[in-house]
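There are 2 protein chains.
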Amino acid sequence: MNLSVAEENYIKAIYKLQEGEQAVTTNALAYELETKPASVTDMAKKLKEKKLISYEKYQGITLSPEGRKTALQVVRRHRLWECFLVDKLSFSWEEVHELAEELEHVRSEKLISRLSEFLGNPVIDPHGDPIPDANGRMAKPRPQTSLDQANARRLVVTAVSDQSSALLAFLNAKSIKLGTQLEIIAHYEFDNSIEIKVKHQPAITISEQVAKNIMVRPL
Amino acid sequence: MNLSVAEENYIKAIYKLQEGEQAVTTNALAYELETKPASVTDMAKKLKEKKLISYEKYQGITLSPEGRKTALQVVRRHRLWECFLVDKLSFSWEEVHELAEELEHVRSEKLISRLSEFLGNPVIDPHGDPIPDANGRMAKPRPQTSLDQANARRLVVTAVSDQSSALLAFLNAKSIKLGTQLEIIAHYEFDNSIEIKVKHQPAITISEQVAKNIMVRPL
DNA sequence: AAAATTATTTAAGTTTGTCTAAATAATAAT
DNA sequence: ATTATTATTTAGACAAACTTAAATAATTTT
Numbered sequence: 276m277n278l279s280v281a282e283e284n285y286i287k288a289i290y291k292l293q294e295g296e297q298a299v300t301t302n303a304l305a306y307e308l309e310t311k312p313a314s315v316t317d318m319a320k321k322l323k324e325k326k327l328i329s330y331e332k333y334q335g336i337t338l339s340p341e342g343r344k345t346a347l348q349v350v351r352r353h354r355l356w357e358c359f360l361v362d363k364l365s366f367s368w369e370e371v372h373e374l375a376e377e378l379e380h381v382r383s384e385k386l387i388s389r390l391s392e393f394l395g396n397p398v399i400d401p402h403g404d405p406i407p408d409a410n411g412r413m414a415k416p417r418p419q420t421s422l423d424q425a426n427a428r429r430l431v432v433t434a435v436s437d438q439s440s441a442l443l444a445f446l447n448a449k450s451i452k453l454g455t456q457l458e459i460i461a462h463y464e465f466d467n468s469i470e471i472k473v474k475h476q477p478a479i480t481i482s483e484q485v486a487k488n489i490m491v492r493p494l
Numbered sequence: 276m277n278l279s280v281a282e283e284n285y286i287k288a289i290y291k292l293q294e295g296e297q298a299v300t301t302n303a304l305a306y307e308l309e310t311k312p313a314s315v316t317d318m319a320k321k322l323k324e325k326k327l328i329s330y331e332k333y334q335g336i337t338l339s340p341e342g343r344k345t346a347l348q349v350v351r352r353h354r355l356w357e358c359f360l361v362d363k364l365s366f367s368w369e370e371v372h373e374l375a376e377e378l379e380h381v382r383s384e385k386l387i388s389r390l391s392e393f394l395g396n397p398v399i400d401p402h403g404d405p406i407p408d409a410n411g412r413m414a415k416p417r418p419q420t421s422l423d424q425a426n427a428r429r430l431v432v433t434a435v436s437d438q439s440s441a442l443l444a445f446l447n448a449k450s451i452k453l454g455t456q457l458e459i460i461a462h463y464e465f466d467n468s469i470e471i472k473v474k475h476q477p478a479i480t481i482s483e484q485v486a487k488n489i490m491v492r493p494l
């Protein structure tokens with residue numbers, strides 16, 4: 276099946292939002308793709324026609340088996356390019372998403388298998404997310420949570436969900452990046468701020484707002 | 276200026292056809308881009324509006340200085356990706372064109388400068404064509420001619436202009452590839468066929484049709 | 001359970017890049 | 001210098017992916 280860039284982006288977004296099983300709503304998808312609900316409805320009809328999703332009016336969207344397979348191919352391409360950009364071109368992890376977003380739409384089995392080989396067939400990308408293999412199989416995603424909901428004491432930073440440059444600059448200033456190990460010192464209940472410590476750095480206090488956008492997993 | 280993929284392809288094709296100075300005709304451009312003359316006229320109006328070309332009804336098209344700059348950026352991206360595919364992913368020179376055709380449209384100064392650096396800032400691509408630098412400067416193109424028009428005796432293969440798999444298979448069978456050194460043994464005037472010899476191979480006779488599609492330069 | 005709110009869909013219109021068919025201009029042939 | 005041919009442009013339409021505004025369905029609130 277030959278999909279347009281827009282169609283691939285819808286499939287990928289549905290995959291991301293579906294997260295397990297429940298149907299994806301029109302609104303959620305519109306928000307994710309920065310488009311309007313009416314556009315989502317239009318596209319849903321088209322993707323249903325192509326048997327990539329199941330969709331009934333007012334009932335939300337779920338990927339069909341073919342849809343899931345397609346999604347995994349796009350995810351594989353995206354994550355392999357991220358590896359390339361970080362490992363070979365020395366980009367930092369927060370820069371690569373947008374570029375990979377474009378590179379992922381170059382559809383060529385051969386290109387992707389050669390790229391994977393060139394990178395040493397990596398199984399996780401620079402954000403710590405697993406890379407599907409050519410058959411769509413991958414390790415189960417790490418149990419990430421946002422920092423404000425973490426219950427373990429010692430944690431590793433796995434991603435930053437908000438890509439705004441303000442947040443990235445803040446994290447940069449505090450030497451917090453992918454793979455940084457943190458220790459939670461205290462929760463302050465009156466404003467839900469969190470005091471954390473990075474090795475060799477003074478302890479710092481982080482607002483709930485910031486904590487919500489830092490993804491971590493237990494060490 | 277933010278150009279669409281289609282616009283970039285037009286600019287690149289105009290650059291390719293302009294070859295020196297003379298204006299590009301509507302028909303030639305339509306043929307090159309595998310589209311219809313009417314579509315070319317439409318696009319010409321748009322590109323003129325954006326000041327990338329000069330164009331007057333029935334007078335053909337030439338790139339403006341900005342247009343040329345844009346074209347060189349696209350050519351730079353294309354040729355760097357070709358280097359990457361051949362040098363790092365072990366593609367053969369005849370496979371890379373289509374892939375580079377897609378990769379070239381990922382517009383990021385930083386990506387391209389990093390890629391160039393990663394490749395060791397190459398100045399010629401796998402087809403022997405010069406790669407423009409970040410400022411659009413490049414070595415002057417090699418004096419290629421098609422094999423049927425070559426006047427020197429000893430030649431190097433620099434490109435194959437027809438990308439059909441039939442021709443590529445033929446060349447493969449005869450061990451002729453980019454960089455192969457040939458010697459012209461004889462021209463047969465009755466059908467313009469050419470007898471050539473590759474080192475360590477028996478001499479072979481090539482039709483005019485084939486010779487027209489093999490680009491060479493004097494050794 | 002009715003009213004209010006929110007979510008979703010439909011209808012109609014836009015833009016980009018294409019197309020076909022018809023009209024016009026430029027060039028070549030007699 | 002007409003006529004014929006070829007090249008180019010215009011006009012009108014189409015598909016993809018989007019938009020806004022209005023209509024309808026689903027969900028929540030009271």
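These protein sequence lines map, in sequence, to chains Y and U.
Letter by letter, the first sequence follows residues 276 to 494 of this note's numbering.
Letter by letter, the second sequence follows residues 276 to 494 of this note's numbering.
Don't be surprised by glycine CBs; every beta carbon is placed ideally from N, CA and C.
Note that the structure is a prediction, hence the values are computed from the model and not measured.
The secondary-structure analysis by DSSP pairs Y:Q456 across a beta bridge with Y:V431. Sequence-distant Cβ neighbours of U:L422 in its own chain, meaning closer than 6 Å and more than five residues away, are A486, I489, V491. 8 Å or more divides the Cβ of Y:L360 from the Cβ of Y:S391.
The residue from U:H402, U:H475, U:P407, U:R429 with its alpha-carbon nearest to that of U:D362 is U:H402. When U:E377, U:G335, U:A288, U:P493 are compared, the shortest CA-CA separation from U:T300 is found for U:G335. By the criterion of a C-beta distance shorter than 8 Å, Y:E307 is surrounded in its chain by A288, K291, L292, once the five residues flanking it on both sides are discounted.
Cβ proximity to chain U below 9 Å picks out E377, L378, H380, V381, R382, S383, K385, L386, R389, L390, E392, F393 from the region 377-394 of chain Y. Just measuring C-alpha positions, the residue of U:H462, U:T316, U:V315, U:E377 sitting nearest U:Q424 is U:H462. Under DSSP, U:R492 forms a beta bridge with U:V431.
Chain-ordered, the chain U residues with CB closer than 8 Å to the CB of Y:S365 read R389. Assignment of Y:S279 by DSSP, reduced to helix, strand and coil, places it in the coil class. By the 16-neighbour rule on beta-carbons within 10 angstroms, Y:R351 is buried.
With a threshold of 8 Å between beta carbons, U:L374 makes contact with chain Y.
Non-local beta-carbon contacts of U:V280 in its own chain, meaning distances under 7 Å to residues more than five positions away in sequence, involve H380 in chain order. Boundaries of the beta strand (DSSP E) harbouring Y:S468: 468-473, taken from the DSSP string. With a threshold of 16 other beta carbon atoms within 10 Å, U:M318 meets it and is buried. A contact between stretches requires three or more CB pairs, one per stretch, nearer than 8 Å, and the region 450-470 of chain Y meets this requirement with the region 426-440 of chain Y. Cβ contact annotation for Y:Q476 (same chain, cutoff 8 Å, sequence separation greater than five): K449, S450, in chain order.
Separation of Y:I328 and Y:I286 (C-alpha to C-alpha, rounded to the nearest whole angstrom) is 8 Å.
Taken in chain order, the complete beta strand (DSSP E) segments of 3 or more residues contained in the region 332-381 of chain U are 336-338. When DSSP reads this structure, Y:A461 sits in a beta bridge with Y:E470. Y:F445 counts as exposed, since fewer than 16 other C-beta atoms from the protein chains shown sit within 10 angstroms of its C-beta.
The three-state secondary structure of U:I406, taken from DSSP, is coil.
Residues of the same chain with a CB within less than 7 Å of the CB of U:S468, apart from the 5 flanking positions on each side, are T480, I481, S482, E483 in chain order. Assigned with DSSP and collapsed to three states, U:I289 falls in helix.
By the Cβ-count criterion, U:P340 is exposed, with fewer than 16 other Cβ atoms from all chains shown falling within 10 Å of its own Cβ. Rounded to the nearest whole angstrom, the C-alpha separation of U:K323 and U:G411 is 21 Å. Apart from sequence neighbours up to five positions away, the residues of its chain that approach Y:H353 with a beta-carbon distance below 6 Å are A375, E379, ordered along the chain. DSSP places Y:I451 outside both helix and strand once states are collapsed to three, so it counts as coil. With fewer than 16 other Cβ atoms inside 10 Å of its own Cβ, U:Q297 counts as exposed.
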